[in-house]
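Note that the numbering used here has the sequence shown beginning at 11, numbered continuously upward.
By construction, the Cβ of each residue, glycine as well, lies at the ideal position given by its N, Cα and C atoms.
Working notes for the structure below.
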Amino acid sequence: MATELSRVRLIVGLGNPGAEYAKTRHNAGFELIEILLKKLPGSFEKFNKYNGIGFRGRFRGRELLLQMPQTYMNLSGKAAAALAAAEQIRPEEILVAYDDVDIPLGRMRLRQGGSSGGHHGIDSLIECLNSNAFARLRLGIGTAEKNQIAHVLSRFNADEQPVFDNVLEAAADAAICVLARGMGAAMNSFNGWSALPKETEPENSGEQKSNHGGTGFEKI
């Protein structure tokens, strides 16, 4: 019987294709995949298939796939589900990394399953996989006081970028921990992690969810 240690076979990072979206907050998942490709041992073969950019390699003797869907955020599930079906990967064997406006910049949060929290990329995955059982690695990008759409499509400022760079490095370690030791161990190790000094931690760094995915545009 398979154990939790060997469950994840596919890591999907969410974002929007195109130079105009590169390095925006909404492309946090794409950036995580790029960091993982540098941190994971061995080499990964790139392939363009199933409406996504994919990478095939091995981790501790087992095949591992990484994917960056190229369908735009709101249709991410089409790419992920097509790859999963072709490779006979179950939803519970998928880890999805993405931006989250309800987690402060400098923090991340791992969890197994659950609702989309209003994120349209996750809505698409739940619909196309017909399941919400996949694991999530949510990368905090902070929230905007006014225009949330403009916020997620903006780039980090000079003060924020080093903080987010640290988050990406730690999040890649968290994803590798999921692969090596399972979700439970990774959650225990990384859900309390912060890139910010303790005295600068925001008072509310919790899980209150807003309908932040509601851009109204298919490409977002």
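Can you have a look at residue i and say buried or exposed, based on whether 16 or more other CB atoms are within 10 angstroms of its CB?
| i | result |
| --- | --- |
| residue 77 | buried |
| residue 114 | buried |
| residue 11 | Low local confidence applies: a pLDDT of 37 at residue 11 is under 50, so the model's placement there is unreliable, and no value is given. |
| residue 125 | exposed |
| residue 10 | Summary: the structure shown does not reach residue 10, with the chain confined to residues 11 through 230, and so no result is reported for it. |
| residue 223 | Bear in mind that a pLDDT of 41 at residue 223, under 50, signals an unreliable position, so the model cannot answer this. |
| residue 148 | buried |
| residue 51 | exposed |
| residue 84 | buried |
| residue 152 | buried |
| residue 194 | exposed |
| residue 103 | buried |
Going by the CB atoms, is the gap between residue j and residue i shorter than 8 Å?
| i | j | result |
| --- | --- | --- |
| residue 63 | residue 185 | no |
| residue 181 | residue 107 | yes |
| residue 120 | residue 38 | no |
| residue 135 | residue 86 | yes |
| residue 18 | residue 105 | yes |
| residue 36 | residue 206 | no |
| residue 79 | residue 95 | no |
| residue 40 | residue 25 | yes |
| residue 34 | residue 165 | yes |
| residue 100 | residue 190 | no |
Residue i lies in the beta strand (DSSP E); which residues open and close that run?
| i | result |
| --- | --- |
| residue 99 | Per DSSP, residue 99 belongs to no beta strand (DSSP E) and is neither H nor E. |
| residue 77 | 72 to 79 |
| residue 118 | 118 to 122 |
Starting from residue i, trace the alpha helix (DSSP H) in both directions and tell me its first and last residue.
| i | result |
| --- | --- |
| residue 195 | 193 to 200 |
| residue 145 | Taken as a continuous stretch (DSSP letters only), residue 145 belongs to no alpha helix (DSSP H), being part of the beta strand (DSSP E) at 145 to 150. |
| residue 139 | 130 to 139 |
| residue 160 | 158 to 162 |
Please look up how many angstroms separate the CB atoms of residue i and residue j, rounded, as I've assumed it's under 8 Å.
| i | j | result |
| --- | --- | --- |
| residue 145 | residue 188 | 7 Å |
| residue 65 | residue 55 | 7 Å |
| residue 202 | residue 177 | Contact doesn't hold; Cβ gap of about 14 Å is too wide. |
| residue 118 | residue 57 | So it is not a contact: roughly 28 Å between Cβ atoms. |
| residue 75 | residue 44 | In fact, because the Cβ distance is near 15 Å, the residues do not count as touching under 8 Å. |
| residue 92 | residue 60 | 4 Å |
- Item | Whole beta strand (DSSP E) elements within the stretch 20 to 63, 3-residue minimum | 20 to 23, 55 to 59
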